[in-house]
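**Student:** With the first letter of the sequence shown counted as 1, position 84 gets the number 84 in this note's numbering; the numbers rise by one all the way through.
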Amino acid sequence: MRGRREVLAALGRDGFALLYASEDFKRDREAVLVAVQNNGRALEFASGDLKRDREVVSRAVQNCGRALEFASEDLKRDREVVLEAVRNMSYALQFAAEDLKRDRELVVEAMRNNGDALRFASEGLRRDREMVFAAVRRSGCALRFAHEDLRRDREVVFAAVRNCGMALEVSAEDLKGDREVVFAAVQNDGDALRFARADLKQDREVVLAAVQKASALRFASEDLKRDREVVLVAVRNCGIALAWAHEDFWRDREVVLAAVRTYIPAMEDFQHDREVVLEAVRNDRDALKFASEDLKMDPVLQPGKVAGNCIAGLGALAPLLCLRSVTEDPAGGLEASVVFGLGGERDASMAVPSGGENPPTVGDLASFAVQHFGVEGGLVHVHVQATAEWACWMLTARFGASFECAQARLLVSVASLDSRLRTPVSAA
Numbered sequence: 001m002r003g004r005r006e007v008l009a010a011l012g013r014d015g016f017a018l019l020y021a022s023e024d025f026k027r028d029r030e031a032v033l034v035a036v037q038n039n040g041r042a043l044e045f046a047s048g049d050l051k052r053d054r055e056v057v058s059r060a061v062q063n064c065g066r067a068l069e070f071a072s073e074d075l076k077r078d079r080e081v082v083l084e085a086v087r088n089m090s091y092a093l094q095f096a097a098e099d100l101k102r103d104r105e106l107v108v109e110a111m112r113n114n115g116d117a118l119r120f121a122s123e124g125l126r127r128d129r130e131m132v133f134a135a136v137r138r139s140g141c142a143l144r145f146a147h148e149d150l151r152r153d154r155e156v157v158f159a160a161v162r163n164c165g166m167a168l169e170v171s172a173e174d175l176k177g178d179r180e181v182v183f184a185a186v187q188n189d190g191d192a193l194r195f196a197r198a199d200l201k202q203d204r205e206v207v208l209a210a211v212q213k214a215s216a217l218r219f220a221s222e223d224l225k226r227d228r229e230v231v232l233v234a235v236r237n238c239g240i241a242l243a244w245a246h247e248d249f250w251r252d253r254e255v256v257l258a259a260v261r262t263y264i265p266a267m268e269d270f271q272h273d274r275e276v277v278l279e280a281v282r283n284d285r286d287a288l289k290f291a292s293e294d295l296k297m298d299p300v301l302q303p304g305k306v307a308g309n310c311i312a313g314l315g316a317l318a319p320l321l322c323l324r325s326v327t328e329d330p331a332g333g334l335e336a337s338v339v340f341g342l343g344g345e346r347d348a349s350m351a352v353p354s355g356g357e358n359p360p361t362v363g364d365l366a367s368f369a370v371q372h373f374g375v376e377g378g379l380v381h382v383h384v385q386a387t388a389e390w391a392c393w394m395l396t397a398r399f400g401a402s403f404e405c406a407q408a409r410l411l412v413s414v415a416s417l418d419s420r421l422r423t424p425v426s427a428a
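1) Looking at the structure shown, is L18 part of a helix, part of a strand, or coil, going by DSSP?
2) Would you tell me roughly how many angstroms separate the C-alpha atoms of D49 and S215, rounded to the nearest one?
3) Compare the beta carbon distance of D191 and F219 with 9 angstroms and say whether it is the shorter of the two.
4) Apply the 10 Å Cβ neighbour rule to L11 and answer buried if 16 or more other Cβ atoms are within range, or exposed otherwise.
5) Would you check if the distance between the CB atom of A85 and the CB atom of K101 is smaller than 9 angstroms?
6) Between which two residues does the beta strand (DSSP E) holding V326 run?
7) Excluding the 5 residues flanking A167 on each side, which residues of the same chain have their C-beta closer than 6 angstroms to its C-beta?
8) What's the gap between the Cα of L365 and the Cα of D286?
9) Do V235 and L224 come within 9 angstroms of each other at the CB atom, strictly closer than that value?
10) Where DSSP assigns a beta bridge to D347, which residues make up the other side?
11) If we count the other Cβ atoms within 10 Å of its Cβ and call it buried at 16 or more, is Y263 buried or exposed?
12) Extract the residue ranges of the beta strand (DSSP E) inside the region 119 to 163, only unbroken runs of 3 or more that lie entirely within it.
13) Find the nearest neighbour of V36 within the set D24, R13, E23, S22, judged by alpha-carbon distance.
14) Report, in whole angstroms, the separation of the C-beta atoms of L450 and A336, which I expect to be a contact under 8 angstroms.
15) Measure the beta-carbon distance from V230 to L257 and round it to whole angstroms, keeping in mind my assumption that it falls under 8 angstroms.
16) One question on the structure: do K26 and F45 come within less than 9 angstroms of each other, judged by their Cβ atoms?
17) What's the C-alpha gap between S171 and D149?
18) I need the DSSP call for L365, collapsed to helix, strand or coil.
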């Protein structure tokens, strides 16, 4: 008795353990019910009699629709059992009896979760326009399972490519040359450009839409691979697109700066360019390996220092201003002790004058630092270490700063450009 309880407990924890149970347990209705309610596919290991047991099979397919594969042939013809199976898993339709694959309501139920279930429907339903519409609206690539006539139907194909651009591959040839259909396809998935007719691969508007979605530049015409605007859009979205652009763009600094963010080989001709290397290292610390020997030793380009340059723009430097201590002078200004530099290289002190009626803010500090240190580009990263109460005083509403004082230490990133402040704030 104790052995039986242990086996039932094991099957309740892992129904697949039925595989290792004795033949007696595989014929034991209670044991098999426990197993299939934990893992429906355990039905595979049940005895033949229990695979014909409607309740056992029903419990199994409710847990895992694919368990229908192991049911008896009679139960694969049982509409209610099959309905339970496809509600759990659309692909269970493949194990249903052929007559049920012609059952319109049942097939619709199977496609409710995944239009690709159309694959297992009868040929008659795969010719049915309404059924195919229902399928491609849920899964555009179900178009591949539709009858050939419907793959020539413009409305059906248009619905399919709007859901899955790659459905263009199986559409009729004339629709691969339909500009509206192709445009819809590449807007969903740029790589669908691969299947467009050659003249549309030369269409600048179509290609621009495609390269914003994927590395689709490889499928564009040679002329458009020479188009600077197209190439810039492509590499900003996916750096590796540079690999398919005309070779001249490997020497175009602006293009390379955009590409190197995700495609380190783009820096091949700019190994001596500090800003290009900075942009590469910012996105991949290992990129420094491919810089020139002199830049490999540049302290500012070391991964740890670059990580501190987190609010800079593309290729731009944002020196770090660490505020170590601050006191308020009698006139209402601030005496600030700071560490300044891309990675915090030198000690300095600053006197920040009073802002009039309002007390000085972190924004004032950043703006003054830009002027005091002559920061090119006007970007600084201010790191404030202080109590939350002090930070509350520093961050006034006039700069629109918002933050939560849940922790005692704050990291405040302030971008100051032409004294007009943008102040993103995050707890650290």
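The beta carbon of each residue, even a glycine, is placed where N, CA and C say it ideally should be.
**Tutor:** Per the coordinate set shown:
1) Looking at L18 - three-state DSSP - the assignment turns out to be helix.
2) Between D49 and S215, the C-alpha separation is close to 55 angstroms.
3) A contact, by the Cβ cut-off of 9 angstroms.
4) Per the 10 Å Cβ criterion, buried.
5) Not closer than 9 angstroms, so no.
6) Counted as a single uninterrupted DSSP element, the beta strand (DSSP E) harbouring V326 occupies residues 320 to 328.
7) Counting only Cβ-Cβ distances below 6 angstroms, and skipping sequence neighbours, we find G140, C141, L143, A160, V161.
8) Rounded to whole angstroms, L365 to D286 spans 34 angstroms at the Cα level.
9) Remark: C-beta atoms of L224 and V235 do not approach each other more closely than 9 angstroms.
10) D347 pairs with V339.
11) The residue is buried, with at least 16 neighbouring Cβ atoms inside 10 Å.
12) Fully enclosed beta strand (DSSP E) runs of no fewer than 3 residues are not present anywhere in the region 119 to 163.
13) With respect to the C-alpha of V36, the residue from D24, R13, E23, S22 having the closest C-alpha is R13.
14) Nothing about residue 450 can be reported from this structure: the residues present for the chain run from 1 to 428 only.
15) About 17 angstroms separates the beta carbons of V230 and L257, which is beyond the 8 angstroms limit, so they are not a contact pair.
16) Annotated as proximal: K26 and F45, with beta-carbon spacing under 9 angstroms.
17) Each residue's Cα considered, the two are about 10 angstroms apart.
18) Under the three-state reduction of DSSP, L365 is assigned to helix.
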